[in-house]
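Protein chains in written order, with my numbering: chain A, 1 to 262; chain B, 1 to 250; chain C, 1 to 479.
Down below is the structure, laid out as structure tokens.
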Amino acid sequence: MPENPSNPTIPDRVTLFASCMVDQLAPAVGESTVDVLEHLGVTVDFLDDQTCCGQPAFNSGFRSEAFPVATRFIEIFEKVEGPIVVPSGSCAAMVRNFYGDLFRDDERMIGRARNVGDHLYELTEFISSFFGTDAVVGQLSDDATYHKCCHLLREIGIDEQPIEMLSNIDGLNLTPLERDDVCCGFGGAFSVKMPDISSAILDEKLDYIESTGAKTVVAADTGCVYQMQGGLRRRGSDVQVVHIAEILAMSIRNASGAGAKR
Amino acid sequence: MTDRAKFIASVTSSLGRSEVLSPSEEAADASTAVFENADTAKANADRAMSDASERSDTLTAQMAAMAATNGWKVHRAGNPEDAADLIASICEQKGAKSVLRSNHDVLSQIGVDSAVTNTGATLGVTEHDGENSEANIQDAKSAAFTADIGITGVDYAIAETGTVVLHPRSGLSRLVSLAPPTHIAVLRSGEVLDSLDELFAMERNDYLSGDLAGSMNLISGPSKTADIEGTTVTGIHGPLEVHLIILENG
Amino acid sequence: MKPQTINFRSKASQTMGDEEVQQAIEHVYTGFFKGRLVAAADTPDWEELRTKGKAIKDHTIAHLDYYLGLLADNVEKNGGSVFFAEDAEEARKHIIDLAHARNIKTVIKSKSMVSEEMALAESLNDEGIETVETDLGEYIIQLANETPYHLIAPAVHKSRKEVAELLDDDFKEGDRVPDATELTMMAREKLRGVFERADMSVTGVNFAVAESGSIALVTNEGNGRMSTTVPRVHVAVMGMEKIIPSIQDLSTMLRILIRSATGQRISTYVTMVNGARKPDEEEGPEEFHLVIMNNGRQKLLADPQMRESLNCIRCGACLNACPVYRKVGGHAYGWVYPGPIGAIVTPVMTGLKDASNLPAASSLCGACHDACPVKINIPRMLLELRYRSAEGSTDSAERTSSASERFVWKSWRIGMMGRKRFDYGAKLARLILRPLARNGWLRKSPPPISGWTSTRDFPLIAAGSLRSRLAKRRKKAKS
Numbered sequence: 001m002p003e004n005p006s007n008p009t010i011p012d013r014v015t016l017f018a019s020c021m022v023d024q025l026a027p028a029v030g031e032s033t034v035d036v037l038e039h040l041g042v043t044v045d046f047l048d049d050q051t052c053c054g055q056p057a058f059n060s061g062f063r064s065e066a067f068p069v070a071t072r073f074i075e076i077f078e079k080v081e082g083p084i085v086v087p088s089g090s091c092a093a094m095v096r097n098f099y100g101d102l103f104r105d106d107e108r109m110i111g112r113a114r115n116v117g118d119h120l121y122e123l124t125e126f127i128s129s130f131f132g133t134d135a136v137v138g139q140l141s142d143d144a145t146y147h148k149c150c151h152l153l154r155e156i157g158i159d160e161q162p163i164e165m166l167s168n169i170d171g172l173n174l175t176p177l178e179r180d181d182v183c184c185g186f187g188g189a190f191s192v193k194m195p196d197i198s199s200a201i202l203d204e205k206l207d208y209i210e211s212t213g214a215k216t217v218v219a220a221d222t223g224c225v226y227q228m229q230g231g232l233r234r235r236g237s238d239v240q241v242v243h244i245a246e247i248l249a250m251s252i253r254n255a256s257g258a259g260a261k262r
Numbered sequence: 001m002t003d004r005a006k007f008i009a010s011v012t013s014s015l016g017r018s019e020v021l022s023p024s025e026e027a028a029d030a031s032t033a034v035f036e037n038a039d040t041a042k043a044n045a046d047r048a049m050s051d052a053s054e055r056s057d058t059l060t061a062q063m064a065a066m067a068a069t070n071g072w073k074v075h076r077a078g079n080p081e082d083a084a085d086l087i088a089s090i091c092e093q094k095g096a097k098s099v100l101r102s103n104h105d106v107l108s109q110i111g112v113d114s115a116v117t118n119t120g121a122t123l124g125v126t127e128h129d130g131e132n133s134e135a136n137i138q139d140a141k142s143a144a145f146t147a148d149i150g151i152t153g154v155d156y157a158i159a160e161t162g163t164v165v166l167h168p169r170s171g172l173s174r175l176v177s178l179a180p181p182t183h184i185a186v187l188r189s190g191e192v193l194d195s196l197d198e199l200f201a202m203e204r205n206d207y208l209s210g211d212l213a214g215s216m217n218l219i220s221g222p223s224k225t226a227d228i229e230g231t232t233v234t235g236i237h238g239p240l241e242v243h244l245i246i247l248e249n250g
Numbered sequence: 001m002k003p004q005t006i007n008f009r010s011k012a013s014q015t016m017g018d019e020e021v022q023q024a025i026e027h028v029y030t031g032f033f034k035g036r037l038v039a040a041a042d043t044p045d046w047e048e049l050r051t052k053g054k055a056i057k058d059h060t061i062a063h064l065d066y067y068l069g070l071l072a073d074n075v076e077k078n079g080g081s082v083f084f085a086e087d088a089e090e091a092r093k094h095i096i097d098l099a100h101a102r103n104i105k106t107v108i109k110s111k112s113m114v115s116e117e118m119a120l121a122e123s124l125n126d127e128g129i130e131t132v133e134t135d136l137g138e139y140i141i142q143l144a145n146e147t148p149y150h151l152i153a154p155a156v157h158k159s160r161k162e163v164a165e166l167l168d169d170d171f172k173e174g175d176r177v178p179d180a181t182e183l184t185m186m187a188r189e190k191l192r193g194v195f196e197r198a199d200m201s202v203t204g205v206n207f208a209v210a211e212s213g214s215i216a217l218v219t220n221e222g223n224g225r226m227s228t229t230v231p232r233v234h235v236a237v238m239g240m241e242k243i244i245p246s247i248q249d250l251s252t253m254l255r256i257l258i259r260s261a262t263g264q265r266i267s268t269y270v271t272m273v274n275g276a277r278k279p280d281e282e283e284g285p286e287e288f289h290l291v292i293m294n295n296g297r298q299k300l301l302a303d304p305q306m307r308e309s310l311n312c313i314r315c316g317a318c319l320n321a322c323p324v325y326r327k328v329g330g331h332a333y334g335w336v337y338p339g340p341i342g343a344i345v346t347p348v349m350t351g352l353k354d355a356s357n358l359p360a361a362s363s364l365c366g367a368c369h370d371a372c373p374v375k376i377n378i379p380r381m382l383l384e385l386r387y388r389s390a391e392g393s394t395d396s397a398e399r400t401s402s403a404s405e406r407f408v409w410k411s412w413r414i415g416m417m418g419r420k421r422f423d424y425g426a427k428l429a430r431l432i433l434r435p436l437a438r439n440g441w442l443r444k445s446p447p448p449i450s451g452w453t454s455t456r457d458f459p460l461i462a463a464g465s466l467r468s469r470l471a472k473r474r475k476k477a478k479s
């Protein structure tokens with residue numbers, strides 16, 4: 001578990017771990033992540049060879065398939081000395097909290113995984129720990145609400161910090177979401193293997209979202225973003241779901257005068 | 001091998017051992033009290049009792065507040081006569097025809113018998129002629145199941161949880177606090193323990209000194225259930241109404 | 001109780017389509033779940049208590065053989081009898097034989113999940129011995145001929161009307177439905193006579209205290225007290241893991257059990273039974289029998305990955321927190337224990353082959369782990385069981401993954417093992433799916449993701465990976 005230093009030396013260079021989903025499905029989230037970090041004065045490196053941390057196969061029980069992919073991840077990222085930042089609580093959790101189980105018969109791999117995990121951070125965790133929740137000041141007029149993604153909340157321990165960060169956006173009207181810490185029903189492959197249960201859980205989440213009157217839902221994990229957006233679209237709703245990196249980047253652009261208002 | 005030996009042997013092998021290993025005190029963490037010896041247990045119990053006595057007013061007030069939240073009707077009596085009067089007025093209020101009481105000495109102390117019979121109700125004391133005959137046991141049961149009000153003393157109360165604690169006494173004090181629809185419990189000040197920690201310290205000390213009663217009941221309000229649509233209803237099997245009379249200067 | 005875990009999907013589907021049951025299940029969240037949060041916030045040392053409770057259970061289970069011996073010795077010292085039952089069949093037979101031997105006419109039952117493993121009430125009734133459940137929720141489902149829906153609220157799925165149909169002899173379709181108080185009073189009336197004439201009781205055990213041979217029962221209704229006072233024979237049944245070492249440990253365990261179960265600071269009644277009545281006591285059962293049951297718990301104990309599940313104190317907090325349980329309901333889990341704890345113990349105790357859907361039915365949200373008073377890491381064990389079902393079990397019958405699933409993950413792995421193939425695979429997928437997409441979204445999709453688009457839109461693979469976009473930026477920055 002990386003340290004959240006109370007008196008941190010502010011890093012000026014990080015390496016981005018995109019996550020497979022952001023890389024191929026939602027690259028705009030990755031670009032926004034870079035934008036936000038650069039705005040904070042941080043240079044962002046990207047290791048071209050990266051693919052995936054192995055979580056999807058691990059969660060489905062296919063550890064023999066997850067093992068080589070996770071090993072490859074370690075091989076690529078253990079060369080990094082500074083912080084590694086990923087815009088996903090579940091990917092951060094996989095590396096920090098579940099690689100121990102995946103590699104459990106291999107002391108050496110556990111050690112290598114721990115070394116990487118010790119300086120790997122989820123995006124909002126990174127910003128709030130090293131820069132503070134008031135570091136990003138932006139502008140965006142909208143009615144929004146925030147959903148607490150499960151792994152970020154329970155595995156990484158980031159709870160109110162993203163809300164505090166969103167509160168710094170001038171013009172953003174944040175309505176608290178009832179049952180904001182109840183799962184959206186994504187759960188990775190679960191959403192595809194048991195779509196009836198996944199959607200039943202989602203329906204309850206979407207009902208609560210609609211009752212806030214918000215036009216935008218903000219969340220910090222792409223899987224959850226798509227689960228909620230996909231469901232809202234299917235019920236004909238105009239509500240947009242965005243990754244927190246995107247809304248922070250938009251608000252920074254607005255504040256600097258560049259980019260359209262939402 | 002007896003069934004027991006076979007059973008435990010398979011538990012031992014499931015734990016990856018060939019023999020039962022007694023937990024060593026050093027290896028165990030401090031979380032279980034099982035390694036604390038009788039002297040420690042006695043010291044804990046003594047501390048609980050002296051705390052109950054020294055902080056009697058504070059603990060009584062805390063317990064009374066918690067008990068009221070739990071649904072006890074809490075009454076304060078400045079002296080034994082007031083306590084008896086309170087009991088009499090409850091009997092009248094409930095239109096009680098038959099009242100049963102246990103053999104706790106606080107009840108004779110407050111002279112409850114005449115107070116109750118003066119209301120016109122019959123009063124039975126749950127004690128019998130020393131014979132544990134089937135007939136006596138049945139009679140005692142029927143009396144409890146038909147009584148309107150049951151009155152007991154109390155051994156301790158607990159401030160943390162708003163609870164009264166009953167150990168069985170000579171006489172039948174268990175059903176009398178359970179079967180009638182109204183239960184009146186009389187507590188003497190100075191008997192309120194701070195929390196469950198103190199109560200179980202007392203019990204553990206009783207056990208280690210060979211004095212553990214056959215049972216103990218903690219009562220923290222009227223009987224209740226929420227099994228139908230999550231709606232709380234009082235008085236499902238035990239009393240619907242419970243009164244706690246706190247006898248000050250008892 | 002015969003496991004019906006194989007019917008999980010269909011039972012789940014049935015429950016999710018039942019609007020009335022969905023509304024009823026809400027109570028576990030609005031009542032119990034919220035109650036626990038309030039109680040925890042109200043308890044200054046709540047986290048320390050959880051840590052302590054976990055330590056007490058870890059220690060007990062690690063020395064379970066020793067503590068079983070200690071418990072049995074002390075129960076016998078108190079004048080009680082102990083019967084060790086390998087399985088439900090043995091336990092049931094012992095209790096039935098005992099009832100016959102003691103000429104028992106009426107048995108009252110207090111809540112016990114272990115007795116459900118034995119289907120005890122049903123068996124005793126079949127033997128001609130009147131056996132009545134006395135916990136109101138259990139009584140209701142006994143009348144309905146059903147199994148419990150929840151660990152502590154067995155009839156949580158029943159509407160008031162359904163309860164009226166079961167409890168109220170005069171109720172007809174179209175009548176005003178009696179309110180909860182009226183129905184409860186009807187139950188009180190009906191059960192009072194049963195209490196009075198009962199000659200044997202069977203109760204569960206919330207905690208068995210090894211050092212003194214005592215058992216503790218936690219109830220709100222008073223049926224636990226009736227059961228331990230009125231009849232001449234008291235039988236307590238327990239899973240072999242329900243032991244704690246010391247009387248003093250009860251203060252910690254009772255606090256975390258009760259506050260986690262309902263949010264109460266304490267249940268209305270806590271009864272401690274130290275054997276049958278003492279010679280100088282005039283009230284209470286003449287005989288005390290403790291039945292300690294294995295019934296597959298040994299498999300959990302012998303399994304280092306799964307052993308932690310034996311720390312469970314059966315509070316139900318994980319059920320109340322679980323978004324899956326609150327949709328699929330208790331019966332879908334197909335055996336005695338529903339919810340997250342059921343999803344991990346049922347497959348091991350009754351067979352993973354037929355129960356693989358139970359650990360699969362989870363979004364791994366971790367709410368159960370958060371809620372557990374003894375901090376059982378349920379998600380870790382769900383993942384372990386998934387691993388065994390997919391490929392990891394040494395028993396080939398338990399490896400139930402399909403060939404197509406194995407193929408999917410093999411292909412996935414191949415696709416992730418190099419950047420070029422990763423990009424190429426994405427481009428290919430985009431090519432294939434693009435005709436199905438409108439404005440970057442798919443309403444229909446092929447396997448293996450077709451399940452998604454049955455209820456949600458799915459995003460199209462992006463045009464250009466993040467890698468390519470960042471490469472373009474770098475190029476631009478240089479020029």
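Quick reminder that beta carbons are idealized off the backbone N, C-alpha and C, glycines included.
### Message
Any beta carbon of chain C sitting closer than 7 Å to that of P27/A?
### Response
yes
### Query
P180/B versus chain C: which residues are under 9 Å apart at the beta carbon?
Under the 9 Å cutoff, chain C gives no residues; its nearest Cβ is about 12 Å from P180/B.
### Query
Closest to R253/A by CA distance: which of V34/A, R13/A, F17/A is it?
V34/A
### Query
Are at least three pairs of beta-carbons, each pair with one atom in the segment 48 to 57 of chain A and one in the segment 416 to 432 of chain C, less than 8 Å apart?
yes
### Query
Using a Cβ-Cβ distance under 7 Å, would L136/C count as near chain B?
True, the Cβ-Cβ gap to chain B drops below 7 Å.
### Query
What did DSSP end up calling Q298/C once you bin it into helix, strand or coil?
If DSSP states are grouped into helix, strand and coil, Q298/C belongs with the helices.
#### Entry: Pairwise C-alpha distance: N136/B and I149/B
20 Å
### Message
Please list, in chain order, the chain A residues whose beta carbon lies closer than 8 Å to that of M416/C.
### Response
C20, T51, C52, G54, V69, R72
### Message
Spatial neighbours of N205/B within its chain, please: C-beta separation below 6 Å, excluding the five flanking residues on both sides.
### Response
A41, K42, A45
### Query
With distances taken between CB atoms, is the gap from A343/C to P323/C smaller than 7 Å?
no
### Query
Skipping 5 residues on each side, what residues in its chain have a beta carbon closer than 6 Å to that of A39/C?
R259, G263
### chain A contact for S465/C (CB, 7 Å cutoff)
yes
### Buried versus exposed call for Y424/C [16 or more other C-beta atoms within 10 Å across all chains shown]
exposed
#### Entry: Stretch pair the segment 188 to 202 of chain A + the segment 323 to 333 of chain C: three plus CB contacts closer than 8 Å
Touching, yes, given that three or more Cβ pairs across the two stretches are closer than 8 Å.
### Backbone CA spacing between A317/C and I341/C [nearest angstrom]
Going from the Cα of A317/C to the Cα of I341/C covers about 10 Å.
### Task
Look at the alpha carbon of I246/B and the alpha carbon of S133/B, and state the distance between them as a whole number of angstroms.
Spanning the two alpha carbons is a distance of roughly 36 Å.
#### Entry: Proximity to E76/C [Cα-Cα], best of V125/B, N118/B, R4/B
R4/B
### Query
Using a C-beta cutoff of 7 Å, does F84/C count as contacting chain B?
yes
### Message
Going by DSSP in three states, S10/B sits in which element: helix, strand or coil?
### Response
Of the three classes helix, strand and coil, the one that applies to S10/B here is helix, per DSSP.
### Message
Spatial neighbours of R101/B within its chain, please: C-beta separation below 6 Å, excluding the five flanking residues on both sides.
### Response
L107, V125, I151
### S89/B (DSSP reduced to helix, strand or coil)
helix
### Message
Could you check whether the segment 63 to 80 of chain C touches the segment 232 to 243 of chain C, counting it as contact only if at least three pairs of C-beta atoms, one from each stretch, sit closer than 8 Å?
### Response
yes
### Task
To the nearest angstrom, report how far apart P2/A and I84/A are at their CA atoms.
At P2/A, the pLDDT of 48 sits below 50, so the modelled position is not reliable; the number obtained from the coordinates is stated separately. Answer to the nearest angstrom: the Cα atoms are 11 Å apart.
### Message
Give me the DSSP bridge partner(s) of I149/B.
### Response
V99/B, T182/B
### Task
Using a threshold of 7 Å, state whether the C-beta atoms of L136/C and T225/B are closer than that.
Taking 7 Å as the cut-off, the Cβ atoms of L136/C and T225/B count as close.
### Members of the segment 74 to 98 of chain B near chain C, C-beta cut-off 9 Å
Taking 9 Å as the Cβ-Cβ cut-off against chain C, none of the residues of the segment 74 to 98 of chain B qualify.
### Query
In chain A, which residues lie less than 7 Å from C318/C when you measure between Cβ atoms?
Within 7 Å Cβ-Cβ: nothing; C318/C doesn't reach chain A, min ~13 Å.
### Query
Mind pulling the alpha helix (DSSP H) runs of 4 or more residues that sit fully within the segment 103 to 137 of chain A?
107 to 117, 123 to 130
### Task
Could you tell me which of L428/C, F8/C, V205/C, K410/C sits nearest to D196/A, measuring between CA atoms?
F8/C
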